[in-house]
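These notes are about the structure you will find just below.
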Amino acid sequence: MNGVIDTRYGALMPRLAVNLVGPHYFDGDNQLRQGTYATLDSSLGWQATERMNISVYVDNLFDRRYRTYGYMNGSSAVAQVNMGRTVGINTRIDFF
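Dropping the structure here:
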């Protein structure tokens, strides 16, 4: 389930997004379980010109760790964990 709050204050565009994922299993025998988790993403955009937008963002603001994949390897469980908090900058330029 996702929830988003975004608005505009002149040339500034703040945004918050909550992502809620319920419990699930990675295998058919229901041994590899990932519990419920939530992440919070945020960004702040700036409409620099009519055709140019620059934004900074933070995905997974609170650095929540969770498994994204898992499987049984004989008697051992193997799991892949998410990347964690991600910080970045986006630039968009419309040429037409």
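The sequence shown begins at 179 in the working numbering and counts up by one. Glycine residues also receive a C-beta, built at the ideal position from the N, C-alpha and C atoms.
Per-residue DSSP class, three states only, for SER253: In this structure, DSSP gives SER253 a state outside helix and strand, which the three-state scheme calls coil.
Identity of the residue in ASN260, ALA226, ASN251 and GLY181 nearest ASP207 by Cα: Checking every option, the nearest Cα to that of ASP207 belongs to ASN251.
From GLU228, THR214 and TYR235, residue whose alpha carbon lies closest to that of PRO201: THR214
Where the beta strand (DSSP E) through MET191 begins and ends: 190-199
Residue of ARG263, ASN260 and ALA255 minimising C-alpha distance to GLN205: The residue asked about is misnamed: residue 205 is Asp in this sequence, not Gln. Between ASP205 and the set ARG263, ASN260 and ALA255, the nearest pair of CA atoms involves ALA255.
When LEU198, ASN231, ALA216 and GLY266 are compared against MET179, the one with the closest alpha-carbon: LEU198
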